[in-house]
Every structure is written in structure tokens, then in C-alpha cells.
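2 protein chains.
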Amino acid sequence: MMKTKTAAHAVRLDAREGRLSGPTANLAPGFVQANLAILPRAIAYDFLLFCQRNPKPCPLIAVSEIGDPLLASLGADVDIRTDIPRYRVWERGELKDEPSDVAAIWRDDLVSFLIGCSFSFEEALLAARLPVRHIEEGRNVPMYRTTIETTPAGRFAGPLVVSMRPMKPADAIRAVEITSRLSAVHGAPVHVGDPAAIGISDLGKPDYGDAVTVHPGEIPVFWACGVTPQAAVARIRPDFCITHAPGHMLVTDILNASLG
Amino acid sequence: MMKTKTAAHAVRLDAREGRLSGPTANLAPGFVQANLAILPRAIAYDFLLFCQRNPKPCPLIAVSEIGDPLLASLGADVDIRTDIPRYRVWERGELKDEPSDVAAIWRDDLVSFLIGCSFSFEEALLAARLPVRHIEEGRNVPMYRTTIETTPAGRFAGPLVVSMRPMKPADAIRAVEITSRLSAVHGAPVHVGDPAAIGISDLGKPDYGDAVTVHPGEIPVFWACGVTPQAAVARIRPDFCITHAPGHMLVTDILNASLG
Chain A
170 MMKTKTAAHA
180 VRLDAREGRL
190 SGPTANLAPG
200 FVQANLAILP
210 RAIAYDFLLF
220 CQRNPKPCPL
230 IAVSEIGDPL
240 LASLGADVDI
250 RTDIPRYRVW
260 ERGELKDEPS
270 DVAAIWRDDL
280 VSFLIGCSFS
290 FEEALLAARL
300 PVRHIEEGRN
310 VPMYRTTIET
320 TPAGRFAGPL
330 VVSMRPMKPA
340 DAIRAVEITS
350 RLSAVHGAPV
360 HVGDPAAIGI
370 SDLGKPDYGD
380 AVTVHPGEIP
390 VFWACGVTPQ
400 AAVARIRPDF
410 CITHAPGHML
420 VTDILNASLG
Chain B
170 MMKTKTAAHA
180 VRLDAREGRL
190 SGPTANLAPG
200 FVQANLAILP
210 RAIAYDFLLF
220 CQRNPKPCPL
230 IAVSEIGDPL
240 LASLGADVDI
250 RTDIPRYRVW
260 ERGELKDEPS
270 DVAAIWRDDL
280 VSFLIGCSFS
290 FEEALLAARL
300 PVRHIEEGRN
310 VPMYRTTIET
320 TPAGRFAGPL
330 VVSMRPMKPA
340 DAIRAVEITS
350 RLSAVHGAPV
360 HVGDPAAIGI
370 SDLGKPDYGD
380 AVTVHPGEIP
390 VFWACGVTPQ
400 AAVARIRPDF
410 CITHAPGHML
420 VTDILNASLG
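Protein sequences, first through last, are from chains A and B.
Residue numbers in the first sequence follow my numbering, run continuously in steps of one, and reach 429 at the last position.
Residue numbers in the second sequence follow my numbering, run continuously in steps of one, and reach 429 at the last position.
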């Protein structure tokens with residue numbers, strides 16, 4: 170076994186060697202975790218362009234070479250076929266399998282897209298003593314489809330999906346300041362206040378994740394969410410694609426502190 | 170003729186209708202100007218990935234649809250075939266023509282890449298009363314090839330090219346603060362101080378542009394430069410490509426003030 174260099178590397182080796190098959194939240198604090206979409210070359214250009222045109226929901230951390238499972242820019246020895254604890258394999262939009270590695274089904278035409286995730290900016294919010302309600306309440310973050318359309322690219326299109334964290338107005342302002350510097354992980358919020366203005370009819374009924382408590386005097390603060398590109402991929406039902414299982418991210422050697 | 174909506178739009182119509190064939194510096198102050206590279210579809214994916222991997226020298230403002238000369242995201246009625254005052258047409262790395270429009274040679278496989286330019290951040294520096302020496306001296310900005318390598322993507326690779334503006338240390342610090350918020354137009358500097366540390370042997374002999382005066386007590390401040398992607402394209406001598414002629418930019422309807 171190669172020498173473990175960082176806590177992030179240790180998590181990846183645990184995933185690779187079968188000691189970890191669960192979610193990665195709170196593992197290797199301080200390191201950037203990333204969403205994964207592995208797509209065939211035939212639709213990779215359109216997806217890359219979709220990410221370029223929609224940087225808030227789709228902040229690209231890295232893109233692999235075609236067919237190459239290694240991603241040296243993300244850390245020592247990163248092998249995208251094995252280093253995530255659990256994957257989802259899709260064919261024509263149908264979930265086919267949830268394996269703990271995808272080495273056996275790897276293909277020479279596959280391109281891996283790693284996309285920033287909100288774990289990084291939540292760490293920055295918590296460090297500033299701002300409330301992150303779903304963490305306080307031990308739930309998944311509430312996410313909502315909005316009436317804001319992404320900018321299409323080729324076959325990729327669809328609504329912007331947002332995550333929501335309720336805060337007092339002064340905290341919301343501080344959260345804008347903090348996350349505006351973190352463009353690699355969704356950046357500043359896209360909306361604050363009235364949910365109906367972006368097509369959300371009931372904060373208590375998120376489209377993904379769990380509802381959280383909104384206390385009196387708090388306003389909802391909405392950030393672009395990495396579910397947006399996943400939903401855009403699902404819409405076109407590609408012949409074949411691989412994603413991470415929700416919450417089971419790639420833990421990279423990049424420091425959250427390096428993003429600002 | 171359609172109604173002119175902005176000063177930027179007026180510049181584009183002047184270029185389109187043959188009233189403007191010169192450089193665009195100082196025209197339509199406040200509006201983002203962009204570098205242009207028009208490439209065949211066959212190499213567009215690699216170039217898009219090169220820009221994704223090298224955002225400081227290659228900050229993409231927009232990418233067209235394949236074969237579509239219109240770029241609605243950049244402003245009213247933008248037609249990339251006509252709205253730049255002067256183009257350069259290249260075949261296998263050789264300069265073939267410098268026309269004032271490229272409508273007659275347009276092809277259905279062409280993709281336009283618009284890349285942010287330093288005019289925008291220089292406006293922000295001047296607004297903060299920081300010195301921009303080449304503007305004071307009426308020269309082109311000095312640019313240098315460095316020993317810093319870009320991150321390759323497919324066939325695209327090559328050295329980082331930087332532009333240099335000398336400043337007193339306190340001004341250099343302020344310039345870092347200001348430009349670090351302008352990631353759409355090269356962002357924070359890549360180096361400050363000793364030129365030799367990045368492979369520049371003589372500040373008085375730039376590889377592109379003109380030398381400028383460095384006063385006693387000033388240090389050179391280096392920013393990633395949009396010549397980098399041009400040089401990367403030139404290296405691979407594509408069968409066909411079109412760029413803007415130096416200094417003859419696309420003037421967009423995007424406000425510089427919206428970039429921060």
C-alpha cells in the first residue's frame with residue numbers, strides 16, 4: 170500500500186479498499202469534497218459547455234482526460250473508478266446499480282467531471298459561527314426546483330435547483346460576504362427572501378432533502394445547488410452514465426482554505 | 170438600422186457598417202471588451218477544456234453554439250462575423266488575411282470563444298487612482314513569456330504569458346485586492362517582484378508589446394494575459410482559425426461593474 174499523505178487520501182484509500190461504503194460528510198475536515206458525473210465522450214463537450222455557462226450550480230473542480238480514470242490535479246493517486254465509497258450507474262435514465270467501485274465497467278470513452286459541493290462553504294459558514302440549520306437538526310439540506318432556468322448548452326437544459334439555509338438578516342449578509350469569495354463551490358446566494366419569487370410554493374416541502382425549521386425573524390437564503398447538473402443529465406437520459414451516490418463524494422487533497 | 174441601445178452597441182454597429190476599423194481601447198468606457206478565438210468544432214472541446222483548466226489566462230466570457238455567429242448573451246444583436254473592427258485569419262499557423270469582416274468565410278463548424286481582457290481590470294485600477302504605466306506613457310502593455318507552464322488539455326499547452334504593471338508595494342497590495350474580485354478578467358496577479366523567478370531575464374525586452382518605465386521603489390506586478398491562449402492555438406497550427414487583430418476587441422453590453 171502506498172503511503173497515506175493526507176486525511177483525504179486516507180478516506181480515498183478506505184473507499185478503494187472496501188473499508189468505507191457510507192457517506193463522506195464530516196470526513197477529512199478542511200478538504201474539498203466533490204460531486205461526480207462520468208459521461209461518454211459524445212456528450213462531454215455539451216456538458217462542459219453547460220458547466221461553463223452555469224458556473225454557480227456547476228462549479229467545475231476538474232475534468233479528466235478522455236478514458237483516463239486518474240485525476241492527478243485532485244490529489245495523490247486519485248482513481249475515480251475506486252475512490253468514491255458508492256456510485257450510481259445509469260442507463261437511459263434508469264438506475265441500474267449502486268456499486269462500491271466501477272472498475273469492471275470502465276470504458277475508454279468516459280470523461281469524469283468533478284463539481285464543487287456545499288460542504289466547503291458550509292465549513293466556512295460554521296467557522297464564522299453562522300447557523301447551518303440542517304446540520305444543527307441532523308438532516309439533509311432542503312433543496313428546491315425553481316422557475317429560474319439554467320442557460321442551455323447543446324442537449325443540456327432545465328431548472329436551477331437551489332439549497333436553502335435560514336438565517337437572520339445580518340447573518341445572511343455575512344453569509345453573502347463569505348460565500349461570494351467561494352466561487353469554486355457555488356459562490357454567493359442566488360436569492361434571499363420570498364420563496365414564491367423563484368417559484369417555490371412551500372418551504373416545508375422540498376423537492377430533495379429534508380425540511381428544516383425557519384425561526385421567527387429569519388429569512389431563507391438560497392444557493393445554487395449541485396443537484397442542478399445531475400437533474401440536467403437525468404433529463405436527457407444518456408445511454409450510460411455514472412454518478413456518486415448522494416452524500417458519497419470524492420474527498421480531494423485540495424484545501425477548502427485554498428478556494429477563497 | 171436597428172435602434173442603438175448602448176455605447177457598446179454603437180461601437181459594434183460602427184464596426185459592422187465599416188465606420189470603424191481601428192482599435193477599441195477607450196471606446197465605450199465601462200463595457201467589457203473581449204478577446205476572440207474562432208476554432209473548428211474538431212478542436213473546440215480541447216480548447217474549452219484548456220480554458221477550464223487555465224482560468225486566469227483564459228477567463229471565458231462566452232462560447233457560441235456550433236456554427237452560430239450570434240452571441241445573445243453578450244449583447245443586443247451581436248454578430249461575431251461583423252462586429253469586430255478587424256480580424257486575423259489563420260491557416261496552418263500562417264496569417265492569411267486581416268479583413269474587417271469574416272461573413273464570406275464563415276463555416277457551419279466554427280465555434281467562437283470570447284475571453285476576458287485586461288481593459289476591464291485596468292479601468293478598476295484607474296478608478297482606484299492606481300498607476301497603469303503603459304497608459305500613462307501611451308504604449309502597449311509589456312507582455313512576457315514565462316517559465317510557468319499552463320495545464321495542458323488535449324493538444325493545447327504552452328507557457329503562461331503575463332502582462333506587467335509596475336507599482337509601489339502599497340499600490341501593488343491594493344491592486345491585488347481589487348483584481349482578486351475580477352476573476353472574469355484574469356483575476357489576481359500571478360507574481361510580484363523578481364522577474365527572474367518566473368523566467369523573465371530583462372523587463373526592458375518584453376516578448377509582446379512595449380517596455381515601460383519602472384520607477385525607483387516600484388516592483389513589477391504580473392497578471393496572467395490573454396495572449397496565453399492565442400499562443401497555445403498558434404503552437405498547434407490548426408487548419409483554420411480566426412482571431413481578433415490585436416487591440417481590436419469585441420465590445421460587449423456587459424458592464425465592467427457587473428464583474429466584481
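Built from N, CA and C at the ideal position, the CB exists for glycine as well.
**Prompt:** Shorter than 8 Å from the beta carbon of A213 (chain A) to some beta carbon of chain B?
**Reply:** As a first step, residue 213 (chain A) must be located in the first sequence, where it is residue number 44. At least one chain B Cβ lies under 8 Å of A213 (chain A).
**Asked** If you follow the beta strand (DSSP E) that A393 (chain A) is part of, which residue opens it and which one closes it?
**Response** Walking along the first sequence from the start, residue 393 (chain A) turns up at place 224. Per DSSP, A393 (chain A) belongs to the beta strand (DSSP E) from 388 to 393.
**Prompt:** For T397 (chain B), does the three-state DSSP call read helix, strand or coil?
**Reply:** Here residue 397 (chain B) refers to the residue found at position 228 when the second sequence is read from its first residue. The answer is helix: DSSP assigns T397 (chain B) an H, G or I state.
**Item:** Residue range of the unbroken beta strand (DSSP E) whose run includes S289 (chain A)
**Value:** Walking along the first sequence from the start, residue 289 (chain A) turns up at place 120. From DSSP, S289 (chain A) is part of no beta strand (DSSP E) but of the alpha helix (DSSP H) over 287 to 296.
**Message:** At the level of alpha carbons, what is the spacing between A179 (chain B) and P268 (chain B)?
**Reply:** If you number the second sequence from 1, residue 179 (chain B) lands on position 10. If you number the second sequence from 1, residue 268 (chain B) lands on position 99. If I take the Cα positions, the gap works out to 20 Å.
**Request:** Determine which residues of the region 350 to 374 of chain A have a Cβ less than 9 Å from any Cβ of chain B, and write them out in chain order.
**Result:** R350, S352
**Asked** Is M170 (chain A) helix, strand or coil when you go by DSSP?
**Response** In the first sequence, residue 170 (chain A) corresponds to position 1, counting from 1. Caution applies to M170 (chain A), whose pLDDT of 49 falls short of 50 and renders its modelled position unreliable; the value that the coordinates give is listed next. It is coil, neither helix nor strand.
**Secondary structure of S233 (chain A), DSSP reduced to three states** = Position 64 of the first sequence, counted from the first residue, corresponds to residue 233 (chain A). It is coil, neither helix nor strand.
**Asked** For A341 (chain A), is the classification buried or exposed, using 16 other Cβ atoms within 10 angstroms of its Cβ as the cut-off for buried?
**Response** As a position in the first sequence, residue 341 (chain A) is number 172, starting the count at 1. Buried, since its Cβ has 16 or more Cβ neighbours within 10 Å.
**Asked** Roughly how many angstroms lie between the CA atoms of L182 (chain A) and D252 (chain A), to the nearest whole one?
**Response** What you label residue 182 (chain A) is simply residue 13 of the first sequence in a count that begins at 1. What you label residue 252 (chain A) is simply residue 83 of the first sequence in a count that begins at 1. Approximately 7 Å, taken between the alpha carbons.
**Asked** What residues from the region 216 to 238 of chain B come within 9 Å of chain A, judged by C-beta to C-beta, listed N to C?
**Response** L217, L218, C220, Q221, R222, L229, A231, V232, E234, I235
**Message:** Less than 6 Å between C-beta atoms, sequence neighbours within five positions excluded: which residues of the same chain meet that for R404 (chain A)?
**Reply:** For this step, residue 404 (chain A) is matched to residue 235 along the first sequence. Only G327 meet the Cβ criterion.
**Prompt:** According to DSSP, is F409 (chain A) helix, strand or coil?
**Reply:** Counted from its first residue, the first sequence places residue 409 (chain A) at position 240. If DSSP states are grouped into helix, strand and coil, F409 (chain A) belongs with coil.
**Request:** Express the C-alpha separation of I249 (chain A) and R308 (chain B) in angstroms, rounding to a whole number.
**Result:** Residue 308 (chain B) sits at position 139 when you count from the first residue of the second sequence. Residue 249 (chain A) sits at position 80 when you count from the first residue of the first sequence. Cα to Cα, R308 (chain B) sits roughly 49 Å from I249 (chain A).
**Asked** Of the residues A:L428, A:T421, A:R406, A:H417, which one's Cα is nearest the Cα of E263 (chain A)?
**Response** As a working mapping, residue 263 (chain A) is identified with position 94 in the first sequence. Here the closest residue by C-alpha is A:R406.
**Asked** Which value, in whole angstroms, describes the spacing of the CA atoms of G429 (chain A) and F290 (chain A)?
**Response** Your numbering for residue 429 (chain A) matches position 260 in the first sequence. Your numbering for residue 290 (chain A) matches position 121 in the first sequence. Looking at the two C-alpha atoms, the distance is approximately 10 Å.
**Request:** Return helix, strand or coil for I369 (chain A), following the three-state DSSP convention.
**Result:** Translated into the one-based positions of the first sequence, residue 369 (chain A) becomes position 200. Three-state result, I369 (chain A): coil.
**Prompt:** Given that a residue counts as buried once 16 or more other Cβ atoms are within 10 Å of its Cβ, and exposed if not, what is P311 (chain A)?
**Reply:** Sequence index remark: in the first sequence, residue 311 (chain A) carries index 142 (1-based). Buried, since its Cβ has 16 or more Cβ neighbours within 10 Å.
**Prompt:** At which residue ranges does the region 266 to 344 of chain B contain complete beta strand (DSSP E) runs of 3 or more residues, listed in the order of the chain?
**Reply:** 279 to 285, 312 to 318, 328 to 336
**Prompt:** What separation, rounded to the nearest whole angstrom, lies between the Cα atoms of I411 (chain B) and G395 (chain B)?
**Reply:** Taking the first residue of the second sequence as position 1, residue 411 (chain B) is located at position 242. Taking the first residue of the second sequence as position 1, residue 395 (chain B) is located at position 226. Cα-Cα distance, rounded: 15 Å.
**Contact set for W259 (chain B): own chain, Cβ-Cβ below 6 Å, skip 5 residues either direction** = For the purposes of this step, residue 259 (chain B) is taken as residue 90 along the second sequence, with counting starting at 1. Only C410 meet the Cβ criterion.
**Message:** Our contact map puts D215 (chain A) next to F325 (chain A) with C-beta atoms below 8 Å; I'd like the distance itself, whole angstroms only.
**Reply:** For the purposes of this step, residue 215 (chain A) is identified with residue 46 of the first sequence, where counting begins at 1. For the purposes of this step, residue 325 (chain A) is identified with residue 156 of the first sequence, where counting begins at 1. About 6 Å separates the two Cβ atoms, so the contact holds.
**Asked** Expressed to the nearest angstrom, what Euclidean distance is found between the alpha-carbon atoms of L419 (chain B) and A365 (chain B)?
**Response** By 1-based counting over the second sequence, the position of residue 419 (chain B) is 250. By 1-based counting over the second sequence, the position of residue 365 (chain B) is 196. Roughly 34 Å between the two C-alpha positions.
**Request:** For P222 (chain A), name the three-state secondary structure that DSSP assigns.
**Result:** Counting from 1 along the first sequence, the entry for residue 222 (chain A) is found at position 53. According to the sequence provided, residue 222 (chain A) is Arg. The question's Pro does not apply to it. If DSSP states are grouped into helix, strand and coil, R222 (chain A) belongs with the helices.
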